[in-house]
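Chemist: Structure in C-alpha cells, see below.
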Amino acid sequence: MPESIDKSGFISLRKKIIESEFSRMNDRQKEAVFTTEGPLLVLAGAGSGKTTVLVNRIACILKYGSAYQSSFVPDNITAEDIGYLEKCLKDKDFSGDRLRKLLAVNPPPAWSVLAITFTNKAANEMKERLEQMLGDESQDIWALTFHSACARILRRDIDKLGLGYTRSFTIYDTDDCARLMRETCKNIDSGDRSFVTKTLLPTISRAKEKNLDPVQYEKAVGNDFRLKKVAEAYYKYQDALRRANALDFDDMLMLTVRLFRAAPEVLQYYQRRFKYILVDEYQDTNNIQYQFVSMMASVNRNLCVVGDDDQSIYKFRGATIENILNFEGQFENARSVKLEQNYRSTSVILDAANAVISNNAGRKGKTLWTSNGQGDKIDVASFDSELDEAQYIADTILDNVRNGGKFSQNAVLYRMNAQSGAIEKAFVRRGIPYRVVSGYRLIDRLEIRDLLAYLKVINNTRDDVSLSRIINVPKRGIGDATVSAAQQIAARDGVSLYDVFSSCEDIEYFSKKCVKIKPFVDFIEEMRALSAEAPVHELVKEVAVKSGYIAALEAENSGESRERTENIGAFVSSAAEYDSLSDEPNLQGFLEECALMSDIDNYDGSADTVTMMTIHSAKGLEFPVVFIAGMEEGVFPGQNADFYPDELEEERRLAYVGITRAKKKLNITYARSRMLFGSTVYHRESRFLKEIPDELKDETDMRSHETTFSMMSNKPKHKPAVDSGFSRPAAAAAQSFAIGDTVHHSTFGTGMVLSVKPMGGDTLLEIAFDKFGTKKLMANFARLKKD
DNA sequence: AAGCTAAGCGTTTTT
DNA sequence: CGCTTAGCTT
C-alpha cells in the first residue's frame, strides 16, 4: 500500500460513507443496521420501523459486508480512489460499482441470506423490499416461513431420514389430521367428540414441539394414566402418518431437525449456504423452531432475531417468550438493541397502549414514544346489542368517507371470527364495500377440499385419508361396507388403501365390486400420468370434470351447487396463477402452497374496501382508522382469563397489538348483550378499556335504559358474502341518481333520494326510506332499482 | 348403498 | 345458530 494513504483516515471515511447512506435512521436503528456480525437481538416495539431496519441491514451486509466493523484496508487504494470516495460522500451518491468495490469487506453472495418469517405475506413483502433495494441480486435470497423453509429442505432429503417417507410426501392440515386420528384411534373414544381436536392433537403437537417422538414421549409421561393413553394414540397416529407418507405441520419442523441430526452433511450444506440468518417475530417461535434456528446458525453465528415480547400472542400454539428472554444466554456474545421510537401512531394511541400493557408482569419492559402529535382522543361507545354496535361502526365509516376518507383506511378488528357476521350485515345494508380476512379460505370449502383430496391421492397414493374422503364422492357405488373391508385388508397386509383397490381383481371379497372399483382406479392412474406432463391447472380441470364431480353438481342444479361450481372455477384459476408465477410448477408444489397459504397471504391492501379481521391476523399491519369491536369481559378478554392468569396476560398483549394497529384514530366499542353461538349473552365492559386513562377517551353511552328497541332487529334478507375474495362488481349498478328519485332497496323497500354526492368513482346517496328512515348508501354497492 | 330426518353439540386465536 | 352424525327407511 502506498505510504501516502492514511489507514485510519480511510477507515473513518468508509464509516462516514456507510453511515451517510443510512442517515435517515435513528441512532438505535443504525446500531442494529451496522451490527453485521455475531448474534443480535432487536427488541422492536410496535411501529418502530422494524422491517425497514431488517431490510437495510441486509442491504448493508450484501453491499459492504463487514466493512463497517472491520479494520481491514485493501492494499491497492490510491489517492485518486480517496478523492473519488470523498466526492461520493459530498454528492451523497452511493450507487457506483466502484464505490462498492473500494469499500466492501467480504460481502457475501446474495443467496447467503435466509430470512424466516411467520406468514407468506411477510416473507413476500420482505423479498419485494429487498428486490427494490438490491435489484437482481436478491433473486436467490430465501425469504420464507419456517414451514416453507422446512418443506424445501425435506423435499430434497427426507429419504435420508430412513423412516420410509419419500419426496412426494403430503402435508396434512388440521382437518386431515383429525380424520386420521379418528380413524386410527377408534377405540380411544371418550364420548367427547371434540376430544381429538381439542385435547389429543394439541397435546401431541406440544410433544412434537419439544422434539419428542412417541417412544420418547411415552418415557417422559411416566405413570400418568391419562397421558399414557395419549402416548398410545401418538404412537398409532405417527405410524399412520408415516404409512400415508404424510407430515402434519409439526412434523415439518420436527423431522427437519431430526434430518439435520441423522444426516449431518445436509445440515452442513445449509450452514455453509446461509452465512446470514434472520428471524422476524421471534417472540412467536417455539422450542423446535429455536432448535432449527440455532442449528442453522451455529457455524457462522450471524443470527439476527427481531421481536417484541409485548406482541407475543401465539402461546396457545406453543410459542415461548423464553426464546426472546433467554437469547443473550443462549447465544454467546449476543448484542441487543431496543427500538422504542414509534413512527406509526399518535401519542394518544401510544399512551393508551402503554397504559394497558404496563399491567402485565412478565415482560422485558419497553416504553414506546413518538414525536408524532397527540391526535384525536379514542372514541369509546357502548351499545345494547351487537347489532347496534355494528350499525354504529357502519355509520361512522360512512361519515369518514363522506368527509373525504377512503373505505380502505378503515379496519374493523375483533377477537373472534364469529363476531364478523353482525358487522357484515350492517355493511351489506349500508352498501359499504368490505373484505373479510378470515381463517376460512377458498381451499377450506367442502368442494375444494374434495378436489384437493383427489389431487393428493394423485400425488401420493399412500394418502389413505384423502382416498377415503373421495372414494365415493361423487357417488359411484363404493359404500361404507366396501371401504371398511378394504381398510381391514390394507391393515392386515400392511399396504395402502389404494393398493388394495388397485388389486381388487385378485381379492375374492371384491369379485362383484370390481365393476365399480376398477373405473375409479383407472381414472386415478390416468390422472397420475397426466400430472407428469400437463400444467397443474389443466390437471385440476380434468380431475374436476372426469371424476364426475362437476356433473354431479350440475345435476343438483341448486343455488348452492352453482356456487360450488363457481368456486371450483376460482380454484382452477388459482392453479393457473400458480402455474404462471412458479419457477417450476408441479402438483406437489401446488399442494404445498395450498397447505401453507393463509387468507391473509392473499390480502391485497390496494382495493378500496373496509378490512375486517381478527386481531391475530392484523399483526404486522397498520390502518389510519381502527375499530376494535366487542371490548367486553367474556369476549375480550375471553372467559378463560379469569381462571388462568397467563391467558389474561396473553389477551392483554393481544389488546396491545390491536391498539397499536391504529395510526390516526382509534374507535373502541362494546355491547352489553350479544348473540353468540345461538344464545344471547350479557357482558360488562372490558377491564382493558378501564386500563386506558380517562383523559385519552371520549366516551359515549348509546345504551337505552328502558325497553330495548332496535330497528336493526329486522332480519336482513341477504345472506352476507362469506368471503370476499371476490369483491362485488363495482360496475354492476352503473346508473345515475338524482335528488327526488324514487328507489327500491331489497331490504329497506321504497325511498326517496335526498342527496347525491360523487365519491371516488362511486356515488354516496342519502335516501329517506318510507319505513326505515334516512340511510346513507353507496350507489354501486346498494343494489338499488330506480322507479 | 343412498337418502332422509331428528337429535345433539360445540363453539378463541392459526402455520 | 349452523353443522355433523346417528339411525332409520327405501
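If you're matching positions, the first sequence starts at 247 in this note's numbering and goes up one per residue.
The beta-carbon is built from N, C-alpha and C at its ideal position, and this holds for glycine as well.
(1) Determine the extent of the alpha helix (DSSP H) in which Y483 is found, giving its start and end residues.
(2) Using the beta-carbon count (16 or more within 10 Å), is T616 buried or exposed?
(3) Identify every run of the alpha helix (DSSP H) within the segment 855-893, keeping only runs that are complete inside it and at least 4 residues long; order them along the chain.
(4) My guess is that I387 and K373 are in contact by the Cβ rule of under 8 Å, so how many angstroms apart are they, rounded?
(5) Whole angstroms is fine: what's the gap from A668's alpha carbon to E632's?
(6) In its own chain, which residues sit with a C-beta less than 8 Å from the C-beta of V279, not counting the 5 before and 5 after it?
(7) A917 bridges to which residues according to DSSP?
(8) Out of curiosity, what's the CA-to-CA distance linking S970 and D419?
(9) Measure the C-alpha to C-alpha separation of K584 and C550 and round it to an integer number of angstroms.
(10) Reducing DSSP to helix, strand and coil, say where C396 ends up.
(11) Please give me, in chain order, every unbroken run of the alpha helix (DSSP H) with length at least 4 that falls completely inside the segment 505-551.
(12) Do you know how far the Cα of F364 is from the Cα of F506?
(13) If I follow the unbroken alpha helix (DSSP H) through R681, where does it start and stop?
(14) Tell me whether S820 is buried or exposed, calling it buried when 16 or more other Cβ atoms sit within 10 Å of its Cβ.
(15) Ends of the beta strand (DSSP E) at D944?
(16) Can you grab the Cα-Cα spacing for the pair S593 / G575, in whole Å?
(17) Here's a check: name, in chain order, each residue in its chain whose Cβ is nearer than 8 Å to the Cβ of Y1034, leaving out the five neighbours to either side.
(18) Roughly how many whole angstroms lie between the Cα atoms of E952 and G805?
(19) Let me know the secondary structure DSSP gives A1025 once reduced to three states.
(20) Based on the DSSP output, what are the partners of N656 in its beta bridges?
(21) Please say whether V903 and K865 have beta carbons closer to each other than 7 Å?
(22) Nearest CA to the CA of I595: which residue from G619, N605, I1013?
(23) Would you decide whether K276 is buried or exposed? Buried here means 16 or more other CB atoms lie within 10 Å of its CB.
(24) Spatial neighbours of S956 within its chain, please: CB distance less than 7 Å, with the 5 preceding and 5 following residues excluded, ordered by chain position.
(25) Measure the beta-carbon distance from Q529 to A492 and round it to whole angstroms, keeping in mind my assumption that it falls under 8 Å.
(26) Given this structure, state the Cα-to-Cα distance separating V503 from A778, to the nearest angstrom.
(27) Here's the rule: buried if 16 or more other CB atoms are within 10 angstroms of the residue's CB, otherwise exposed. What is I985?
(28) In its own chain, which residues sit with a C-beta less than 6 Å from the C-beta of A292, not counting the 5 before and 5 after it?
(29) Using a Cβ-Cβ cutoff of less than 6 Å, which residues in the same chain neighbour A672 once the five nearest sequence positions on both sides are dropped?
(30) In terms of residues, what are the limits of the beta strand (DSSP E) holding A798?
(31) Could you compute how far the alpha carbon of E429 sits from the alpha carbon of I399?
(32) Roughly how many angstroms lie between the CA atoms of E830 and L837, to the nearest whole one?
Modeler: The structure says:
(1) Counted from its first residue, the first sequence places residue 483 at position 237. Taken as a continuous stretch (DSSP letters only), the alpha helix (DSSP H) holding Y483 covers 471-489.
(2) Here the question's residue 616 lines up with position 370 in the first sequence. The residue is buried, with at least 16 neighbouring Cβ atoms inside 10 Å.
(3) 861-864
(4) Within the first sequence, the letter at position 141 stands for residue 387. Within the first sequence, the letter at position 127 stands for residue 373. So it is a contact: roughly 7 Å between Cβ atoms.
(5) Here the question's residue 668 lines up with position 422 in the first sequence. Here the question's residue 632 lines up with position 386 in the first sequence. Each residue's alpha carbon lies about 7 Å from the other.
(6) Stepping through the first sequence from its first residue, residue 279 is reached at position 33. F268, M271, V299, N302, R303, C306.
(7) Reading the first sequence from its first residue, position 671 is the one you call residue 917. Answer is F629.
(8) Position 724 of the first sequence, counting from 1, holds the residue named residue 970. Position 173 of the first sequence, counting from 1, holds the residue named residue 419. With a pLDDT of 30 at S970, under the threshold of 50, the modelled position of that residue is not reliable, and the figure given next carries that caveat. Rounded to the nearest angstrom, the two C-alpha atoms are 23 Å apart.
(9) As a first step, residue 584 must be located in the first sequence, where it is residue number 338. As a first step, residue 550 must be located in the first sequence, where it is residue number 304. Taking the straight line joining both Cα atoms gives about 13 Å.
(10) Working through the first sequence from its first residue, we reach residue 396 at position 150. The answer is helix: DSSP assigns C396 an H, G or I state.
(11) 510-519, 533-543
(12) For the purposes of this step, residue 506 is identified with residue 260 of the first sequence, where counting begins at 1. For the purposes of this step, residue 364 is identified with residue 118 of the first sequence, where counting begins at 1. Taking the straight line joining both Cα atoms gives about 21 Å.
(13) Residue 681 sits at position 435 when you count from the first residue of the first sequence. No alpha helix (DSSP H) holds R681; the beta strand (DSSP E) holding it covers 680-683.
(14) For the purposes of this step, residue 820 is identified with residue 574 of the first sequence, where counting begins at 1. So S820 counts as buried.
(15) Along the first sequence, read from residue 1 onward, the residue named residue 944 stands at position 698. 943-947 is the span of the beta strand (DSSP E), which, as asked, contains D944.
(16) Here residue 593 refers to the residue found at position 347 when the first sequence is read from its first residue. Here residue 575 refers to the residue found at position 329 when the first sequence is read from its first residue. Each residue's Cα considered, the two are about 35 Å apart.
(17) Residue 1034 lies beyond the stretch modelled for the chain, which goes from 247 to 1033, so this question has no answer here.
(18) Reading the first sequence from its first residue, position 706 is the one you call residue 952. Reading the first sequence from its first residue, position 559 is the one you call residue 805. Its pLDDT being 45, under 50, E952 is placed unreliably by the model, and the measurement read from it follows with that caveat. So the alpha carbons of these two residues sit roughly 43 Å apart.
(19) Position 779 of the first sequence, counted from the start, is the residue given in the question as residue 1025. Coil, per DSSP.
(20) To locate residue 656, count along the first sequence from 1; it is residue 410. Answer is V871.
(21) Position 619 of the first sequence, counting from 1, holds the residue named residue 865. Position 657 of the first sequence, counting from 1, holds the residue named residue 903. Contact flag set, yes.
(22) Residue mapping note: residue 595 aligns to position 349 of the first sequence, counting from 1. Residue G619 is the option with its Cα nearest to I595.
(23) As a working note, residue 276 is residue 30 in the first sequence. Per the 10 Å Cβ criterion, buried.
(24) Your numbering for residue 956 matches position 710 in the first sequence. Unreliable positioning characterises S956 in this predicted model, as indicated by a pLDDT of 39, which lies under 50. The coordinate reading is nonetheless provided below. Counting only Cβ-Cβ distances below 7 Å, and skipping sequence neighbours, we find D630, S631, L633, D634.
(25) One-based indexing of the first sequence puts residue 529 at position 283. One-based indexing of the first sequence puts residue 492 at position 246. Rounded, the Cβ-Cβ distance is 30 Å, inconsistent with contact.
(26) Start at 1 with the first residue of the first sequence, and residue 503 comes out as number 257. Start at 1 with the first residue of the first sequence, and residue 778 comes out as number 532. The alpha-carbon atoms of V503 and A778 are separated by roughly 31 Å.
(27) What you label residue 985 is simply residue 739 of the first sequence in a count that begins at 1. Per the 10 Å Cβ criterion, exposed.
(28) In the first sequence, the residue the question calls residue 292 occupies position 46. Answer for A292: T906, listed in chain order.
(29) The residue given as residue 672 occupies position 426 in the first sequence. So the list reads A636, Q637, A640, once near-sequence residues are dropped.
(30) Taking the first sequence and counting its residues from 1, the one referred to as residue 798 is at position 552. Element bounds for A798: not the beta strand (DSSP E) but the alpha helix (DSSP H), 795-802.
(31) One-based indexing of the first sequence puts residue 429 at position 183. One-based indexing of the first sequence puts residue 399 at position 153. Roughly 30 Å between the two C-alpha positions.
(32) One-based indexing of the first sequence puts residue 830 at position 584. One-based indexing of the first sequence puts residue 837 at position 591. When rounded, the distance between both Cα atoms is 14 Å.
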